[in-house]
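2 protein chains.
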Amino acid sequence: TASVGPATASGPVHIKNPHLDSMEENVLYHLDLGKKTHNLPAMFGDIKLVCVGSSPNRMRAFAQFMHKQLGLVARDLQNICQPRGAAAETGQWHGMGTPSISIMLQEELIKLLHHAKCRDVTIIRISTSGGLGIEAGSVVITDMAVDNSFQPRFELVVLGDMVVRSTELDKDLVGELPACSKEIPDLPTLVGHTMCTYDFYKGQGRLDRALCSFSSEKKLEYLKRAYDASMRNIETESSVFAALCGLCGLKGEFSRGRFHVLPAPPRSPASPLA
Amino acid sequence: TASVGPATASGPVHIKNPHLDSMEENVLYHLDLGKKTHNLPAMFGDIKLVCVGSSPNRMRAFAQFMHKQLGLVARDLQNICQPRGAAAETGQWHGMGTPSISIMLQEELIKLLHHAKCRDVTIIRISTSGGLGIEAGSVVITDMAVDNSFQPRFELVVLGDMVVRSTELDKDLVGELPACSKEIPDLPTLVGHTMCTYDFYKGQGRLDRALCSFSSEKKLEYLKRAYDASMRNIETESSVFAALCGLCGLKGEFSRGRFHVLPAPPRSPASPLA
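Protein sequences appear in the order of chains P and X.
Quick note, the first sequence lines up with residues 27 to 300 if you use the working numbering.
Quick note, the second sequence lines up with residues 27 to 300 if you use the working numbering.
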């Protein structure tokens with residue numbers, strides 16, 4: 027729902043894989059596109075802003091909304107990867123969790139933007155999440171994704187060795203986005219850290235899943251620690267999204283709507299989970 | 027495609043969460059069902075076998091196929107959670123990656139089976155995966171899920187602390203399943219370990235993703251080590267599936283069709299990745 031201002035130049039979209047250059051064809055499996063079979067620069071070269079979210083229905087509705095807002099010619103949006111006009115945008119869904127969004131980003135989106143020779147691309151993930159001590163319905167603009175131990179890192183085992191990536195997001199974009207919400211009434215917007223968990227239930231300390239071995243008190247103690255460490259919401263994709271954006275020269279950001287707060291409501295604005 | 031023999035008694039489906047008992051209602055969000063709003067024992071209490079897979083289209087096709095095979099009355103399978111006949115089965119999709127399947131299992135399926143008072147339930151995950159030194163098209167029956175460090179464990183941070191779960195699967199079921207494939211011609215079937223990775227690309231050492239910092243030689247060296255440690259395929263959901271089945275009293279198993287082998291073809295049956 028936020029209107030995003032023009033991104034400052036950040037250059038081309040990097041692919042850091044020497045093997046790809048030597049492959050004559052590179053099939054983007056889920057998009058049914060290929061470097062050789064399609065003229066990707068002509069189809070997608072003008073893309074400047076990409077919005078992604080977890081579910082196909084939600085992203086279709088968002089793409090339709092954006093088309094109206096931008097005054098673009100109505101067309102079939104069922105294949106949401108069709109080329110757009112000058113202010114091109116793509117609404118794409120990525121499923122739940124870091125392994126799922128990683129497939130979409132690495133297999134499809136980043137390679138598509140690279141092959142299409144796009145430049146100065148901003149990518150925004152829009153989604154629901156669990157708010158931490160904030161008003162229900164707030165939008166959190168993420169300045170940093172942190173893991174379940176509150177560290178700004180994304181860890182992954184590659185060929186048996188642990189690799190650690192930074193999860194900081196683009197500072198300029200984080201600075202620009204809060205102003206966008208001022209034009210929209212009743213849209214509380216704030217900047218904060220986002221915690222990325224590998225388990226939707228256990229990660230945010232929910233008590234209603236099939237397995238739960240901790241008390242309500244322990245849960246609140248953990249969430250209060252998270253709040254005190256500047257976390258304002260919890261979701262399941264931010265860490266790998268941030269890591270990949272940083273590595274590939276994309277200006278990345280999260281912007282979330284329709285928040286639900288965690289089961290325990292805040293008691294006071296200053297220390298909501300105390 | 028395998029026909030599964032009758033499971034020996036394994037008792038009720040456990041929910042290990044004292045908080046759930048005190049909740050008057052428990053909404054199974056994605057199924058649009060609730061403990062209070064629906065008579066779950068009448069609707070689903072006779073379920074003995076559940077099959078899950080990653081994509082909705084594939085699971086719908088599988089449910090339609092099974093209905094024909096079992097001679098059940100044709101009905102609309104669009105909502106694949108509708109009640110079935112005496113030999114009830116559910117075909118359900120769970121997306122990609124451990125965070126995604128964990129939501130489906132913990133939020134929906136295991137709680138549904140528990141609330142419906144099902145007993146002696148077998149659950150089989152059917153999916154494609156990357157084969158390791160095996161003939162393309164083989165079915166691997168998983169005896170143990172291992173992580174990217176070849177360990178039979180599923181690790182998860184819960185309220186800031188690391189929790190480790192076992193990923194062994196039901197030995198009786200692993201023993202029974204290979205016989206089922208003997209009735210079907212040209213269906214190579216074997217028992218082996220399955221490696222669960224958190225990244226589809228990096229986890230199986232693929233060279234065609236957006237980011238890749240290792241050589242083809244290093245990749246083959248890693249895959250050979252995996253093969254020598256009894257791994258026969260790689261996918262992205264087995265570890266949490268095995269851990270949750272073990273904890274909740276479900277007889278769990280993987281059975282995979284339509285395999286694709288990893289880019290480097292086997293050189294010899296004995297040591298295919300050497």
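Glycine included, every Cβ here is placed at the ideal spot set by N, Cα and C.
Note that the coordinates shown come from a computational prediction; the quantities given were computed from them, not determined experimentally.
Cutoff 8 Å: residue i Cβ touching any chain P Cβ
i: Glu-51(X); result: no
i: Gln-177(X); result: no
i: Leu-237(X); result: yes
i: Leu-233(X); result: yes
i: Gln-132(X); result: yes
i: Thr-226(X); result: A quick correction: the sequence has Phe, not Thr, at residue 226(X). With 8 Å as the cut-off, Phe-226(X) counts as an interface residue toward chain P.
i: Ile-106(X); result: Confidence at Ile-106(X) is low in this model, with a pLDDT of 43, below 50, so the placement of that residue should be treated as unreliable; the coordinate-derived value is given next. No - not a single Cβ of chain P is within 8 Å of the one on Ile-106(X).
i: Glu-115(X); result: Confidence at Glu-115(X) is low in this model, with a pLDDT of 41, below 50, so its placement is unreliable and the value that follows should be read with caution. It does not: the Cβ of Glu-115(X) has no partner Cβ on chain P nearer than 8 Å.
Residue i at chain X interface by Cβ criterion, 8 Å
i: Leu-59(P); result: no
i: Leu-46(P); result: yes
i: Ala-142(P); result: no
i: Lys-137(P); result: yes
i: Ile-41(P); result: yes
i: Pro-38(P); result: no
i: Lys-94(P); result: no
i: Thr-154(P); result: no
i: Lys-62(P); result: no
i: Lys-208(P); result: no
Where the beta strand (DSSP E) through residue i begins and ends
i: Glu-261(X); result: 257-261
i: Met-221(X); result: 215-222
i: Ile-150(X); result: 148-153
i: Met-130(X); result: Unbroken run through Met-130(X): none, as it is neither H nor E.
i: Cys-77(X); result: 75-79
Contact set between residue i and chain X, taken where Cβ atoms lie within less than 7 Å
i: Phe-91(P); result: In chain order: nothing, as chain X lies at least about 24 Å away.
i: Met-122(P); result: Gly-121, Pro-125, Ser-126, Ile-129
i: Tyr-248(P); result: Leu-185, Gly-186
Under 8 Å between C-beta atoms of residue i and residue j
i: Pro-178(P); j: Ser-192(P); result: yes
i: Phe-138(P); j: Leu-66(P); result: First, the residue type needs correcting, since residue 138(P) is Leu and not Phe in the sequence shown. Closer than 8 Å, so yes.
i: Gly-79(X); j: Gly-123(P); result: no
i: Gly-229(P); j: Thr-220(P); result: no
i: Arg-151(X); j: Glu-50(X); result: no
i: Ser-313(P); j: Ser-126(X); result: No information on residue 313(P) is available, as it lies outside the stretch 27 to 300 that chain P covers here.
i: Val-266(X); j: Phe-180(X); result: yes
i: Arg-258(X); j: Gly-157(X); result: yes
i: Phe-176(X); j: Ala-252(X); result: yes
i: Pro-195(P); j: Asp-169(P); result: It should be noted that the sequence gives Leu, not Pro, for residue 195(P). Cβ atoms of Leu-195(P) and Asp-169(P): closer than 8 Å.
i: Gly-218(P); j: Ser-242(P); result: no
i: Ser-207(X); j: Leu-213(X); result: yes
i: Phe-226(X); j: Leu-185(P); result: no
i: Leu-216(P); j: Ile-160(P); result: yes
i: Glu-261(X); j: Ser-128(X); result: no
i: Lys-74(P); j: His-141(P); result: no
i: Arg-86(P); j: Asn-43(X); result: no
Chain X contact residues for residue i, given Cβ-Cβ distances below 9 Å
i: Gly-275(P); result: Result: empty, since nearest Cβ-Cβ is about 11 Å, beyond 9 Å.
i: Thr-262(P); result: Pro-125, Ser-126, Ile-129
Limits of the unbroken alpha helix (DSSP H) element including residue i
i: Thr-171(X); result: It is worth fixing the name first, because residue 171(X) is Ala in this sequence and not Thr. Run containing Ala-171(X): none in the alpha helix (DSSP H); it sits in the beta strand (DSSP E), 165-172.
i: Gln-95(P); result: 82-95
i: Phe-226(X); result: 226-229
i: Ala-68(P); result: 66-70
i: Gly-123(X); result: No alpha helix (DSSP H) contains Gly-123(X), which DSSP labels as neither H nor E.
i: Arg-251(P); result: 242-254
i: Glu-202(P); result: 197-206
Chain-ordered chain P contacts of residue i [CB-CB under 9 Å]
i: Asn-174(X); result: Leu-182, Val-183, Val-184, Leu-185, Gly-186
i: Lys-197(X); result: What Lys-197(X) touches in chain P: nothing, since even the nearest Cβ is about 22 Å away.
Identity of the residues DSSP links to residue i by a beta bridge
i: Arg-145(P); result: Pro-38(P)
i: Arg-179(X); result: Ser-192(X)
i: Gly-54(P); result: Reading off the sequence, residue 54(P) comes out as Leu, not Gly. Note: Leu-54(P) sits in a beta bridge opposite Leu-59(P).
i: Leu-237(P); result: Lys-42(X)
i: Asp-187(X); result: Val-184(X)
i: Lys-277(X); result: Thr-148(X)
Closer than 7 Å at the beta carbon, the chain P residues around residue i
i: Tyr-55(X); result: By Cβ distance, chain P contributes nothing, its closest Cβ being about 10 Å from Tyr-55(X), past 7 Å.
Per-residue contacts from residue i into chain P (C-beta, under 8 Å)
i: Phe-240(X); result: Val-184, Leu-185
Amino acids of chain X, ordered along the chain, whose beta-carbon sits closer than 8 Å to that of residue i
i: Lys-244(P); result: Leu-185
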